[in-house]
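Q: This is the structure, below, for whatever I ask next.
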Amino acid sequence: FCRLLSSRRPARFSRPPSRFGGRRSGRKARGEAERRRQNGRGEREGNMERALAINNQWVKYAARVDGRDKIARSISYGSEFVLWLMSRSGNDALQRWMKQVKNVKSGVGVARKCFRFAAPLKDIDAVAHLKETGTPAAMKTILHTFNAIYYFIDHIELLSIFKILPYNPPEVKRLRYRFWVVKTAMNISLAFMALSKAHRAAAKAKGEAGGDPAAAKAAKRQLFKAQLQLIVALTDIPIMFHNTSDWGKKKVPAHVMGASGAVGSMISCSLIWMEVGQAIKAKGA
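So the number in our numbering is just where the residue sits in the sequence shown, counting from 1, plus 48.
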């Protein structure tokens, strides 16, 4: 009987289900909107933190002389390749910009020489504080000695460009790159030795049962770094041939030298960037 009465309840006594459904859907919509606002706020804060971290890393990168020098080196050697592309483009508008690109190349080259002022003192200090012994120590001593002579002649070339010294800058440059030959040979040899050592360390860290995952990751990172350093050292070979003899200038054109130098410089920039990032993480930890 009660069920019969309830089934025949007048429409004015019944509560429309849409009324409750609307309230529930409104609360649900407001909750979803609030969650979206919270997620958006968290995402914005996360983006701001990442932007500040990148800015901090860039400030520390730009504070390093070698970091700024590698950026300038990328522009200088890359300009040679860009000039070659412009000369072969057949586009008059691009070819009219070749003079500006040449000006950029020469200006950045002079700026790099200013960055490297007093660089021989750094090599002298490195020789005085060598920690290696045996063959690596002898090789590093030769490397830093020729590197110091190379940068000393670079200073003479800079003063010759400024007309302070009465020497011909192209002749001084050719003399400078003769010391580059020994420097390049030592760099490549040391890079191969570092790569071999990193390979052994990575194999040891991987083969140890129950080893530390952090140590294995660090060994893998060191191996990757050694591989990149070897590539950088090998990219100096075309530059060496092009700048040390007329035969090399014919066999290795300027655009090949420029492409090789730009690639090596950009890899060096990435290596310095990673070093700065690791230093920031280590300091934060």
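Even glycine gets a Cβ: it sits at the ideal position worked out from N, Cα and C.
Determine the direct distance from the alpha carbon of residue 327 to that of residue 211, and round the result to whole angstroms.
A: Distance between the alpha carbons of residue 211 and residue 327: 42 Å.
Q: Tell me whether residue 257 is buried or exposed, calling it buried when 16 or more other Cβ atoms sit within 10 Å of its Cβ.
A: Low confidence applies to residue 257: its pLDDT is 49, below 50, so where it sits in the model is not reliable enough to give any reading.
Q: Within the stretch 73-137, note down every full alpha helix (DSSP H) run reaching 4 residues or more, in order along the chain.
A: Runs of the alpha helix (DSSP H) inside the stretch 73-137: 113-137.
Q: Using the Cβ count rule (16 or more neighbours within 10 Å means buried), how would you classify residue 214?
A: Its Cβ having fewer than 16 others within 10 Å, residue 214 is exposed.
Q: Can at least three beta-carbon pairs, one atom from the stretch 190-197 and one from the stretch 228-237, be found at a separation below 8 Å?
A: Segments in contact, yes.
Q: Check this for me: beta carbons of residue 305 and residue 291, under 9 Å apart or not?
A: Yes.
Q: Rank 262, 271, 241 by C-alpha distance to the C-alpha of residue 251 and give the top, closest one.
A: Taking only the C-alpha atoms, the option nearest residue 251 is 271.
Q: Name the two residues that bound the continuous alpha helix (DSSP H) containing residue 225.
A: Segment 217-255, the alpha helix (DSSP H) holding residue 225.
Q: Between residue 199 and residue 168, which are expected to be in contact by the criterion C-beta below 8 Å, what is the C-beta distance as a whole number of angstroms?
A: Confirmed, Cβ separation roughly 5 Å.
Q: Can you tell me where the alpha helix (DSSP H) with residue 180 in it begins and where it stops?
A: Neither: residue 180 is in no alpha helix (DSSP H) and is coded neither H nor E.
Q: Skipping 5 residues on each side, what residues in its chain have a beta carbon closer than 8 Å to that of residue 105?
A: Answer for residue 105: 321, 324, 325, 328, listed in chain order.
Q: Between which two residues does the alpha helix (DSSP H) containing residue 147 stretch?
A: Element bounds for residue 147: 146-163.
Q: Taking residue 263 and residue 253 to be in contact with their CB atoms under 8 Å, please state how far apart those CB atoms are, rounded to whole angstroms.
A: With 8 Å as the limit, residue 263 and residue 253 qualify as a contact, their Cβ atoms being about 5 Å apart.
Q: So residue 279 and residue 309 are supposed to be a Cβ contact under 8 Å. How far apart are they, rounded?
A: So it is not a contact: roughly 13 Å between Cβ atoms.
Q: Quick check: what's the CA-CA separation for residue 317 versus residue 284?
A: When rounded, the distance between both Cα atoms is 15 Å.
Q: Per DSSP, what kind of secondary structure is residue 291 in: helix, strand or coil?
A: In the structure shown, residue 291 sits in a helix (DSSP, three-state: H, G or I).
Q: Is residue 120 closer than 9 Å to residue 159 when the C-beta atoms are compared?
A: Yes; because the gap between Cβ atoms is below 9 Å, this pair is in contact.
Q: For my contact list, residue 303 and residue 180 are in at a C-beta cut-off of 8 Å; report their separation, rounded to the angstrom.
A: Wrong, their Cβ atoms sit about 38 Å apart, outside the cutoff.
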